[in-house]
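Have a look at the structure below before the remarks.
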Amino acid sequence: MNPGGRRWAEQHRWRNDGHSPEIRIQPYHEEHGTPAVQVEDPGRSCVSVFLPMNLEEGWIDEQRRLFGRVLKEWPSEVLQSSPGVYEWRR
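Here the sequence shown is numbered in the numbering used here, starting from 303 and rising by one per residue.
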């Protein structure tokens, strides 16, 4: 849980196969007290980057609100490719 007591979702990983670059998103990182993103490339460059995100209060809610406006204004242009994943129609 974060300091405010709100339960955060688990971290998410993309391309966790040990060969491709991996992007890990942590909604709450204990040490920094913020959301964080980590990118690792173990198979090629062996580079790892950790980015704590210092988001202003309400930033995530504002992005959700703006996305809701996009869905309302251009409903035929935004596709939901899987649950919770959206893309712009090409």
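Note that the Cβ used here is the ideal one computed from N, Cα and C, for glycine as well.
Remember, it's a predicted structure, so these values are computed and weren't measured experimentally.
Tell me, which residues are paired with residue i by DSSP?
i	result
Phe352	Gln340
Trp390	Val380
Kindly indicate which three-state DSSP category residue i falls into: helix, strand or coil?
i	result
Trp361	helix
Glu332	coil
Arg371	helix
Arg366	helix
By the 10 Å Cβ neighbour count, where 16 or more other Cβ atoms means buried, how is residue i classified, buried or exposed?
i	result
Gln382	exposed
Gln328	buried
Pro305	Residue confidence is low: Pro305 scores 45 on pLDDT, short of 50, so the model does not pin down where it sits. Its coordinate-derived value is still stated next. Exposed is the call here.
Pro337	buried
Using a Cβ-Cβ cut-off of 6 Å (strictly less than) and excluding sequence neighbours within five positions of residue i, which residues of its own chain qualify?
i	result
Glu342	Glu324, Ser350
Val339	Ile327, Leu353
With a CB to CB cut of under 7 Å and the five nearest residues on each side skipped, what residues in its chain are close to residue i?
i	result
Leu373	Val380
Practice item. Taking 8 Å as the threshold, find out whether the segment 377-390 comes into contact with the segment 354-368 through three or more Cβ pairs. Key: When C-beta atoms of the segment 377-390 are compared with those of the segment 354-368, fewer than three pairs fall below 8 Å, so the two segments do not count as touching.
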